[in-house]
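These protein sequence lines map, in sequence, to chains A and B.
Going left to right, the first sequence walks through residues 1 to 469 as the numbering used here numbers them.
Going left to right, the second sequence walks through residues 1001 to 1469 as the numbering used here numbers them.
Below is one structure, written out as C-alpha cells; comments come after it.
2 protein chains.
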Amino acid sequence: NPLNPSLDSWFTSMLQSTSSIRKPKVPKGVRDFTPHQMAIREQAFGRITSVFKRHGGVTIDTPVFELKEILTGKYGEDSKLIYDLADQGGEILALRYDLTVPFARYLAVHGEGNIKRYHIAKVYRRDNPQIARGRFREFYQCDFDIAGEYPLMVPDAEVLKILTEILDDLDLGTYEVKLNHRVLLDAMLELCGVPPAKFRPICSAIDKLDKEEWETVKIEMVQEKGLAEEAADKIGEYVSMKNQPKVLFEQLKETGLYLESKGGRAALDDLEKLFQYLEWFGVIDKISFDLSLARGLDYYTGVIYEAVFTDNNVVGSVAAGGRYDKLVGMFSNKGDIPAVGVSIGIERIFAIMERKMAEDASAVVRDTETEVYVASIGDELLQEKMEICAELWSAKIKTEFPYKKRTLAKLFPEVLGARIPFMVVFGSSELENDTVNLKIMSDRQEVTVKRSEMVETLLPYIEEYRQGE
Amino acid sequence: NPLNPSLDSWFTSMLQSTSSIRKPKVPKGVRDFTPHQMAIREQAFGRITSVFKRHGGVTIDTPVFELKEILTGKYGEDSKLIYDLADQGGEILALRYDLTVPFARYLAVHGEGNIKRYHIAKVYRRDNPQIARGRFREFYQCDFDIAGEYPLMVPDAEVLKILTEILDDLDLGTYEVKLNHRVLLDAMLELCGVPPAKFRPICSAIDKLDKEEWETVKIEMVQEKGLAEEAADKIGEYVSMKNQPKVLFEQLKETGLYLESKGGRAALDDLEKLFQYLEWFGVIDKISFDLSLARGLDYYTGVIYEAVFTDNNVVGSVAAGGRYDKLVGMFSNKGDIPAVGVSIGIERIFAIMERKMAEDASAVVRDTETEVYVASIGDELLQEKMEICAELWSAKIKTEFPYKKRTLAKLFPEVLGARIPFMVVFGSSELENDTVNLKIMSDRQEVTVKRSEMVETLLPYIEEYRQGE
C-alpha cells in the first residue's frame, strides 16, 4: 500500500496490545483547532495572502525541522527554548524556532538573489505556555520579506504599503504604524553623549516607553545602566518627539541630529525619500514618525516599524519589522543580501477575530461553505435527492443533503442557523409535475421551477451570493 | 517585542560566535519548496479542497507532535520510524506519523459525533528516503473522512463520489476506482477453505496481484503460507473476477458466495445498495468491482477501494480508503464511532503535475498571480508609477512595477514570459495628455485611455482574465 505502507500491522498490534484505554489529550501548550476556529483562520489567511499576491509575492516552504547547527547560536539565551529531536542515529535536528533563520538559510542554499516571499507556517518554542495570554508552544508566524539589491527605500515603502493594506482589509480597528530608523537612533544616542558600549542597553530601556512612563525609564537608564543624568535628559527630549512624518522631519532639520550628526543626516535623508514614496502610495497618513520606537532586535540596520491598534480595547503591537541588510550574509559566503520585511502577529489577529465573533453573531464565519441544501417533503425520496445533488455538484455548487430522514420542520431552522443561503425542496407532488421549489433563505422567498431549469435558475442567485461573501 | 521576543540577543551572539560560515543545507530526506513548486501545490490543494467544500467538508488541525503514548502500539514494526522529540524535561513527545491516529484522538478528545472533515498536513517518518521514487521523511497527507452514525452506504457513496470529482477536476489521466468489501473477502476465504488464522497472510498475498501474476501469488500461498493447493485454486477463480459493479454482482448471486455464505450475502446486499447510490450519483461507470482488491490495512471493516490511473505512463494507486468502524473507539471509552474515508496520494499527484508541466510549457502554473505590470517609457517617472500602482491595488488588482530602472524593450519579453496579462505603459507625452496606454498582452493590442478611466477600463478585462484562470 504505497499511500500508507506502515499501517498494515497497526490494527493487529493494537488488538494485541493489552493496555486499557487511556484518556487521550494533547501535549502541554499546544492545541487542536476545531472546524470553526479553522474557518476563522482561513478567512484571516485568505485576506492576508491576497494582499501579498496583490503585490507579486510568492511563497516558499521549508522543513519543520532544521539541522541543529543552523539554529545554534542564533537565539542567545532563548536557545534553551528550542525543541530538539531525539538522537535516533544520523543527523542532529531541531524544530524551527521562527521563519527568519530558515528564510536566511533558504536564500543561502538556493542562491536566490531577488525575491518577494511570504511564509505562513508554525514555529515551535518550549516556552512556559501562557494560554490565557495567547502564548503557545506551537503557533503561526506570518512573514513577508523583500530580499535583494534595489533602489533605496523603494521596497521599504512597498512593505509598509502592504502592511497598511493588510490592516485595512482585516478591518479590526483603527491603527497607526510607528516608524523610526536604526541609524537615526544610534546618532541620537551618540549626540546625547551615550558611550557606544551602552547603546544596546539604553535602546532596550527606550523600547519600554510604550508601556512605561519616561520617569521610570530614566531611572533605569541612570541607576541601573549608569548613564549620566544629563545624557538621559537629552534622550528624554528626543524620545518625546512624535508627529506626522513630514512635520517631524522638518522639526528635526533644525536640530543637532541633522545639523551636527553625519549618521543622523544620512538617516533623515533616507527617511525623506521614504516619506515621499509613502505619500505617492497614499499611506503617509497612517504613519507616525516616533523617535521613541527602538525595537529590541539587534539585526535591524535601517528603517524600523511597528503597527499598533489605537482602539482602547486592543493593546500591543500587531505587526512589526524593518530592514536587515547583514543577516542573510551570515549563512552565505557570497556576501550580504539586503532585506526588508514585516511579521504579522497572526495569532493576535486570530484572537481578536474570535473575540469579535463571540461578541457579534452577525460577524461569525460559517464553518462550511454550503450554498444549497436539498431536502424532500414527506417521503425520503433518496434517489431524487442524490440525483439533484449530483447535478448541483456538477455545476460546482456547494451542496449537501440530509443523510438521515428528517422532517422539513426540523431541517429548516438548522439550515437557517448554518446560514446556508438556498434550499431545493420537493415532494411527491413536485415530482409528478417535474418541478422543484427553490427557497431563498434570506427573504423566505420560494420559487417553483421546472426540474430541468433548476441549475440555470439557481446560478445567478449563487453568483450574487458569492460576490457578497 | 511580543512578535519575536527571543531574537533580541541573536545578532549579538551571532557576531560574538567565532564559528566560520558553514555551507548550509537541509536535513536528509526533507526538502525546501521553491515558489514554483509551491504554486503547483497550491493549485492542487485548491482543486482538492474545493471538492471537499462542495460537499460540506470542514477542516481541523492538530499539533505536529503528539504525546508519544498516543502513537505507541499503533504502527507495529514501523514504530521504529517515528521521530521522537528529545527528552528535555516534561512530556515525552513524537512527531505525527499519519493523520489517522491524530483524527481518532481528536474525535475522542472533542467528543464530536458526526463530522465530515478533511485534513491536509505534513507527516513524518524516519524512513530510508528514496528521493528518486518520491519517498521523503516529511510529506503531505490529504485525508477526507466522514465519521458518525448514518444510514448504511450513504456516506460511503458520497466519499466515492468525492474521490471521482477530485480525480476529474485534477484531470491527470483516465482512472478507475477498484472496489471490494472486506467482509466479502473474508467470506470468500472461508468458502475456499482457508483456515481463519491464515486470513491475513493470504490477504496480503492477494494484495500483490496488482503487481504480480497469479501463478507467483499462488506459489506464495501454497509454499510459503502452507495453504492447500485446492483452496488456492478456488481463490484463483474468485480473484480473477472483475467487472462492472452490477454485472459482477449478478454473476456472484449465482455463486456460493451469495448462496452459501451468510457473510458473503450480507456484504453483497451492502454492495447492492452502494451500487444503487453510485448509479444515482452518476459515477457507477468509474467503479470496477474487483475481487482481487485486498488492501493491506487490517482496520477496514466494510467497503474498500483504490483509485489507479489506467494510462500507461502512471503506475500505482493515487488514492485509497474504506470503512473502518472500530478504529476511533480504541481511543475513547464512549464506544465506537463508525467512519469511512479516503486518502488522496497528494505527493504522487504533485509529482505527476510537475512532470506534466515540465513536458508542456502551456500547462505551467505561474509563480505569481500578477495581473498588471506598470512601466514607463523613457524617464523613470517613479511618482506616477507609484500612484498608478496604488490606484490599481485599491481596486484589488494584482499589480507590480519595476523597482529598478528598465527599458521597455527589456521589460516587455519578461512580462510576456511571466505571462502577466496586462501592462499599463506611459511616458511624458501620455502624462501631458493625461492618458495611459493599456496593453493586452495576449493579442498585443494597445488602447489609450484617459488616466481617470484607467481602472474602469481595465476591470472588465481583468474579470474576464480571472474567469479564464
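Virtual Cβ for every residue (Gly too), placed ideally from N, Cα, C.
Check                                                                                                                                                                       : Outcome
Specify the secondary structure class of B/L1227 as computed by DSSP and reduced to three states.                                                                           : coil
If you run the structure through DSSP and keep just helix, strand and coil, what is A/H181?                                                                                 : strand
Nearest to B/Y1097 by alpha carbon, out of B/L1085, B/G1090 and B/A1039?                                                                                                    : B/L1085
Counting only beta-carbon atoms, is B/H1110 nearer than 9 angstroms to chain A?                                                                                             : yes
In the structure shown, what three-state DSSP assignment does A/L259 receive?                                                                                               : helix
Express the C-alpha separation of B/P1024 and A/V109 in angstroms, rounding to a whole number.                                                                              : 6 angstroms
Check each residue of the stretch 1069-1091 of chain B: if its Cβ is closer than 8 angstroms to any Cβ of chain A, include it; give the result in chain order.              : E1069, I1070, G1073, K1074, Y1075, G1076, E1077, D1078, L1081, Y1083, D1084, L1085, A1086, D1087, Q1088, G1090 and E1091
With 9 angstroms set as the bound, which would you pick, yes or no: does the beta-carbon of B/K1253 sit closer than that to a beta-carbon of chain A?                       : no
Around the Cβ of A/E414, are there at least 16 other Cβ atoms within 10 angstroms (buried) or fewer (exposed)?                                                              : exposed
Please name the residue or residues paired with A/F426 in a DSSP beta bridge.                                                                                               : A/S376
Should B/V1374 go down as buried or exposed, given a rule of 16 or more other Cβ atoms within 10 Å for buried?                                                              : buried
Which residues in chain B have a C-beta closer than 8 angstroms to the C-beta of A/W393? List them in chain order.                                                          : R1054, H1055, K1161 and E1165
Please list, in chain order, all residues of the same chain as A/Y300 whose beta carbon is under 6 angstroms from its beta carbon, the five residues on each side excluded. : R182, G322 and Y324
Please state if the CB of A/F281 and the CB of B/C1389 are separated by a distance shorter than 9 angstroms.                                                                : yes
Buried or exposed: which applies to B/D1145, given that a residue is buried once 16 or more other Cβ atoms fall within 10 Å of its Cβ?                                      : buried
Select from B/S1204, B/C1203, B/R1348 and B/K1178 the residue whose C-alpha is nearest the C-alpha of B/I1284.                                                              : B/K1178
With C-beta atoms as the reference, is A/F331 less than 9 angstroms away from A/A104?                                                                                       : yes
Report yes if the C-beta distance between A/I337 and A/G468 is below 9 angstroms; otherwise report no.                                                                      : no
So the alpha helix (DSSP H) A/H36 belongs to, where does it begin and stop?                                                                                                 : P35 to R54
In chain order, what residues of the same chain lie with their CB nearer than 7 angstroms to the CB of B/E1138, ignoring the 5 residues before and after it?                : V1030, K1122 and Y1124
Skipping 5 residues on each side, what residues in its chain have a beta carbon closer than 6 angstroms to that of B/D1298?                                                 : none
According to DSSP, is B/V1026 part of a helix, a strand, or is it coil?                                                                                                     : coil
Return the residue from the list A/N180, A/E391 and A/E371 that minimises the CA-CA distance to A/E464.                                                                     : A/E371
Could you check the C-alpha separation between B/V1026 and B/A1409 for me, to the nearest Å?                                                                                : 40 angstroms
In terms of residues, what are the limits of the alpha helix (DSSP H) holding A/A197?                                                                                       : Counting along the chain, A/A197 falls outside any alpha helix (DSSP H), and DSSP gives it neither H nor E.
Taking any Cβ of chain B, which residues in the stretch 134-152 of chain A have a Cβ under 7 angstroms from it, in chain order?                                             : E138, Y150 and P151
Can you find at least 3 beta carbon pairs, one from the stretch 350-370 of chain A and one from the stretch 153-165 of chain A, that sit closer than 8 angstroms?           : no
Using DSSP bridges, identify the partner residues of B/T1407.                                                                                                               : In the DSSP output, where bridge partners are listed per residue, B/T1407 has none listed.
Quick one: does B/P1421 have its CB under 9 angstroms from some CB of chain A?                                                                                              : no
Between the Cα of A/V101 and the Cα atoms of A/K326, A/R366, A/L381 and A/L438, which residue gives the shortest distance?                                                  : A/K326
Is A/G399 helix, strand or coil by DSSP?                                                                                                                                    : Checking the displayed sequence, the identity of residue 399 of chain A turns out to be Thr instead of Gly. Three-state DSSP puts A/T399 in a strand.
Report the partner residues of B/K1489 according to the DSSP bridge assignment.                                                                                             : Not covered by the structure: residue 1489 of chain B. The range shown for chain B is 1001 to 1469.
For B/R1126 and B/L1081, which I take to be in contact (beta-carbon distance under 8 angstroms), what is that distance rounded to the nearest angstrom?                     : 5 angstroms
If we define contact as Cβ-Cβ less than 9 angstroms, is A/T370 a contact residue for chain B?                                                                               : yes
Please report the residue range of the alpha helix (DSSP H) in which B/I1388 lies.                                                                                          : L1382 to S1394
Going along chain A in order, which residues have a C-beta closer than 9 angstroms to the C-beta of B/A1390?                                                                : K161, W280, F281, G282 and V283
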